[in-house]
Each structure stands twice: as C-alpha cells, then as structure tokens.
Amino acid sequence: MATTERDYYDLLGVPRTAGEAEIKKAFRALARDLHPDVSEAPDAEARFREVVEAYDVLSKTETRELYDRFGHAGLRSGGYRPQADFGNLGDLLSAFFGDEVFGGRGARARGGDVAAEVEVELADAARGAARTVPFEVAVSCTACDGSGAEPGTSRVSCPTCGGAGQLQQVARSVFGEFVRSQTCPRCAGSGRIVETPCKACGGDGRVVEERRLEVQVPPGIHDGQRIRISGEGHAAGAGGRSGDLYVRVRVKPDPRFVREGNDVFSTLDLTITQAALGASVEIPTLDGDTTVELEAGTQPGAVVVLRGHGMPVLQGHGRGDHRVLVNVLVPRRLTDEQRALLEQFAGTADDATYRPDEGFFEKLKSAFR
C-alpha cells in the first residue's frame, strides 16, 4: 500500500459520492496521462501505482465500504493488500482494463528511443547553432519490408494465442477473481509469427545502420539538457511507431565566463591609474567585444552590469545580464621615478580623496537590481 496514505478520492480527483462509472472514467484518464508513451515525468510510474491502488479499492464495493468507514486502518485490519505483484506499468494497465486501454490488438509496439550527444561552445549555446549528430539506429529491413519473414514466405497465425494477440488469465485475490488480459509474449500482440526468418535481419524485421542528422540547438540551452526529435529512434516491429531520438547537449566551459542561469559573469583587470582616472576599456562578451567607459575612481569589487548581454531565455523572450567584477591590479615592482611619484601623491592625498560618494554596498545592490 502506498506509504503516503493519500486520500484515494483525491488521488482520482472524484468526490466521495462518485459512482462506479465516474471512478472508472477518472482512472482511465489518469492511466492515459501517466502512460510512459505519453508522460516523460520521472515519477509517472510511482504516481500511477498510487492511482491504481486507489482504483483497486474504490472500484470494489467491499473495500470501498471499509475505506469509507474506517480509512486506511480499516483496510489493513480487514486484510486488504494491493495487487503488488504486477511486474511493471504495462501489467498494471492490463490487469484492470486489458491492452485495449491503449488501442487493443490493433495497437502496435513503439520502437525504442535512441540517445546521442553533441558538444557546443558557450557562444553557440547563446546564439543557437546547427550541429550534425551521428548515431546508430535500428531501421526497417528493406529485404523483407520489415516483416521479418524471408522473401517469398509470410507470417503465420501465432499458435500460443491463436491469432488473438492476447492471453487471458484469471487472477485471484481475497476479494474474488478478475480476468487479466496481457499481450502475447510470443507474437508481441500482432497475432502472427515468423516461421522462416529473413536472412538479412534474422527475423527481427530491422537492421542497424549509422545515421547523421542535423539538429538545431536552440539559443539559451543549458548544459545537460536534451533535444527530442520525434520519430528518429529505433523502428518498431510489425509497423509500429518509431521511437524518438534524444540528443543531450554538452556546453563546453568558456574560461572567460561563468554562467549562472541566464546571467553571465566575468572579471576585468584595471591598473591603478585606469581605476583612479577612468578609462575606456574593451570587455569580451558573448556577442564580441564591447567598449565600456569607466568613471574615475572605479573601486575594486565594483560590478559593471551589461544589461541584456547574458544568455537568451530558452524558448522565451529576452536575455539575462552580463555582470563584470572589477579587479584593480597593484604594481609589484616600481622604478625609482614611479615610487617618487606615488610618494608625492600620497603626501598630497587626504581622507576626502578616498571618501566614496556612495557606499560600496549601495553600489553593489544597485548593480544587482
């Protein structure tokens, strides 16, 4: 039983007065939403197991009455145990509705997904780029047109299921019996098998080939995110839908920048004269070098904000900012003349020379607004 012990009616999204048809309709809708061919959520199977437990209880008069009167504790004391021996999500679906929930015997198995990887520079991730991605994929065998049967022969009716594509079993629980329909493992639900396998593909109906596909990397993509290309995965047997290609994007680190979300950070080294007198400096950005006028008296730790020079918002509008942290270089070796000039300056400077017009923390807060 689910350890969270959430309210079964809430899990199915129905009121406590719901009838059998309403409960079944709600569960069917949730089953479709949480099916792995539909949902990419990592917790889809766990969530489905919760709602199937809720349906198991609320769809039977005896267990529903126990639950309505005494809650989860009443079910436990009454000896109820959820059907926990379903091996996977497909079994759970079949146990309650049979394979017809997602199209019956006419439904074809979906091909597997293919994973690939591509590497881009940070600047390319900022502006978007096209990349050619190599990958291996199982495609339909041209010799047998994907049937798996040697040319000149044909597939025959499956002796295991009698051509039905499904097997039915009677399962027993403490509350009675129910008929469980499942896909025939021998013919994979097609109702037909290959007696004389195709020599080119060994009867699988597919062969592996190397492909290269141009993929558009969208502006603003983050390291590790995946791009899904529908229908470019492994071919499915017996005319089913091909799987998808998932391309994981690796964004190479750029030694000039640090990315935080959609903002970009870098540092700028100034000499003490540039910081004291002000200067026109070139700052590298994702869009190339840009000229910035620094005011006289720029302090170490000051942050120069280049609005809209950060990373684009993925599948959105606008861009982040580029924040430049100023570092003032102090000379390590001085000539006699340079030392004399600095000593002369030190002798004429007073507190007013160094007093800021605005506090450091106020400036810092302004930079991050």
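Offset between the sequence shown (1-based) and my numbering: plus 87. Just so it is clear, CB atoms sit at the ideal spot from N, CA and C, and this is done for glycine as well.
Query                                                                                                                                                                          : Result
Using 10 angstroms around the beta-carbon of Ser353, count the other beta-carbons present and answer buried if the total reaches 16, otherwise exposed.                        : buried
Do you know offhand how far Val304's Cα is from Cys274's?                                                                                                                      : 40 Å
In or out: Ala108 buried (at least 16 other Cβ within 10 Å) or exposed?                                                                                                        : exposed
Quick one: Cα of Met398 to Cα of Arg267, how far?                                                                                                                              : 53 Å
Tell me whether Arg420 is buried or exposed, calling it buried when 16 or more other Cβ atoms sit within 10 Å of its Cβ.                                                       : exposed
So, helix, strand or coil for Glu410, using DSSP?                                                                                                                              : Note that residue 410 is Arg in the sequence shown here, rather than Glu. Residue state, collapsed to three classes: strand.
Please name the residue in Gly233, Ser277, Glu140, Glu369 whose C-alpha comes closest to that of Gly250.                                                                       : Ser277
For the alpha helix (DSSP H) holding Ile308, just list the boundary residues, first then last.                                                                                 : Note, Ile308: premise wrong, no alpha helix (DSSP H); not H, not E.
What does DSSP give as the partner residues of Arg399 in its beta bridges?                                                                                                     : A quick correction: the sequence has Pro, not Arg, at residue 399. DSSP output for Pro399 lists Arg406 as bridge partner(s).
Going by Cα to Cα distance, which pick from Lys147, Thr270, Asp97, Ala217 is closest to Glu301?                                                                                : Ala217
Output needed for Ala383: all residues of its chain with C-beta closer than 8 Å, excluding positions within five of it in sequence on either side, in chain order.             : Ala363, Leu364, Gly365
For the alpha helix (DSSP H) that Thr150 lies in, which residues bound it at each end?                                                                                         : 148-164
Are the CB atoms of Val295 and Ser234 nearer to each other than 9 Å?                                                                                                           : no
Please tell me whether Arg293 and Cys228 are closer than 9 Å, where the distance is taken between their beta carbons.                                                          : yes
Starting from the Cα of Arg394, find the closest Cα among Cys248, Val417, Lys339, Asn349 and give me that residue.                                                             : Asn349
Which residues in the same chain have their Cβ closer than 7 Å to the Cβ of Val101, if we skip the five residues on either side of it in sequence?                             : Glu109, Ile110, Ala113
Between Thr270, Ser244, Cys245, which has its C-alpha nearest Gln256's C-alpha?                                                                                                : Thr270
Short check: CB of Val338 to CB of Val220, under 9 Å?                                                                                                                          : no
Going by DSSP, what residues sit across from Gly375 in a beta bridge?                                                                                                          : Thr372
How should Ser329 be labelled, buried or exposed, when 16 other C-beta atoms within 10 angstroms of its C-beta is the threshold for buried?                                    : buried
Which whole-angstrom value is the C-beta distance of His404 and Thr372, which I expect to be below 8 Å?                                                                        : That pair is no contact at about 20 Å.
Going by Cα to Cα distance, which pick from Arg103, Val139, Phe432, Ala202 is closest to Arg119?                                                                               : Val139
So, is His321 buried or exposed, given that buried needs 16 or more other C-beta atoms within 10 angstroms?                                                                    : buried
Would you report the Cα separation of Arg103 and Arg315, rounded to the nearest angstrom?                                                                                      : 41 Å
Between the alpha carbons of Ala212 and Ile308, how many angstroms are there, rounded?                                                                                         : 6 Å
With burial defined as no fewer than 16 other Cβ atoms inside 10 Å of the residue's Cβ, what is the status of Phe157: buried or exposed?                                       : exposed
In the DSSP assignment, find the unbroken beta strand (DSSP E) run with Thr219 in it and report its ends.                                                                      : 216-227
Can you tell me which of Gly199, Ala160, Arg136 puts its alpha carbon nearest to the alpha carbon of Asp331?                                                                   : Gly199
Once the 5 residues before and after Val379 are set aside, which same chain residues still bring their CB inside 7 Å of it?                                                    : Val368, Ile370, Val391
Near Arg214, what residues of its chain come up, given a Cβ to Cβ distance below 7 Å and the 5 sequence neighbours on each side ignored?                                       : Pro306
Evaluate Thr377 with the Cβ neighbour count: other Cβ atoms within 10 Å of its Cβ, from every protein chain shown; 16 or more gives buried, anything less gives exposed.       : exposed
Mapping DSSP to helix, strand and coil, what is Gln386?                                                                                                                        : coil
Helix or strand or just coil, what does DSSP make of Thr90?                                                                                                                    : In this prediction, Thr90 scores a pLDDT of 45, lower than 50, which makes its location untrustworthy; the coordinate-derived value is nonetheless stated afterwards. In the structure shown, Thr90 sits in coil (DSSP, three-state: anything other than H, G, I, E or B).
Taking all protein chains shown into account, do 16 or more other C-beta atoms lie within 10 angstroms of the C-beta of Asp186, making it buried, or fewer, making it exposed? : Caution is warranted here: a pLDDT of 46 is assigned to Asp186, below 50, making its placement in the model unreliable, and the coordinate value is therefore given only provisionally. The residue in question, Asp186, is buried, as its Cβ has 16 or more Cβ neighbours within 10 Å.
How big is the Cα-Cα spacing for Glu430 and Val413?                                                                                                                            : 25 Å
For Gly106, count neighbouring Cβ atoms within 10 angstroms of its own Cβ and tell me buried if that reaches 16, exposed if not.                                               : exposed
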